[in-house]
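Following this note's numbering, the numbering of the sequence shown begins with 9 at its first residue and continues without gaps.
Ideal Cβ placement from N, Cα and C applies to all residues, glycine included.
Keep in mind it's a predicted model, so treat the numbers as computed, not measured.
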Amino acid sequence: MFGRKKKRIMLAMLDEAENEILRLPVKELTLPEEAVLQMSIRYFNDPDPCFIHREAVRQRAVMELMEHTGSFPLTELSEEVRLCFRQGTKLRIWEEG
C-alpha cells in the first residue's frame with residue numbers, strides 16, 4: 009500500500025529478426041536439466057545435484073545474466089547458460105517498474 013514499488017529485472021529472448029520469443033522476470037528463469045547438471049559438475053563436482061546445489065547453480069546463472077543490460081548476443085554467455093535460450097540469438101535485459 010505505502011512505499012515504493014519493487015522494480016523487476018526483465019529478460020526477453022529475441023530471434024534473428026529481433027522478434028521477441030520469450031519474456032519473463034530474470035528471477036523466474038528455469039534451467040534445463042542439461043544446464044543444471046553441467047553447472048553442478050563444474051562448480052561442485054556433483055553429477056547428481058541435491059536441491060541446494062540445483063538452486064545454487066540457478067542463482068549463478070541469474071547472476072551471470074544480471075551482469076548484462078540492454079541487448080547482447082547469446083555468445084556473451086557461458087555455454088551452460090546458453091542452453092536456456094536455444095531458440096534465440098540475442099537477449100535483452102532491462103529494469104521494469
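Mind checking residue i: buried by the 16 CB within 10 Å criterion, or exposed?
{"i": "Q67", "result": "exposed"}
{"i": "C92", "result": "buried"}
{"i": "E21", "result": "Per the sequence shown, the amino acid found at residue 21 is Met instead of Glu. Classification of M21: buried, given that the 10 Å Cβ count is 16 or more."}
{"i": "L19", "result": "buried"}
Comparing alpha-carbon positions, which option in the options lies nearest residue i?
{"i": "S48", "options": "V65, V70, K13", "result": "V65"}
{"i": "E72", "options": "N27, K35, F52", "result": "K35"}
{"i": "T97", "options": "K13, N27, R16", "result": "N27"}
For residue i and residue j, what's the separation of their Cα atoms in angstroms?
{"i": "E103", "j": "R94", "result": "23 Å"}
{"i": "P40", "j": "A69", "result": "12 Å"}
Please state whether DSSP places residue i in a helix, a strand or coil.
{"i": "R50", "result": "helix"}
{"i": "A20", "result": "strand"}
{"i": "E103", "result": "strand"}
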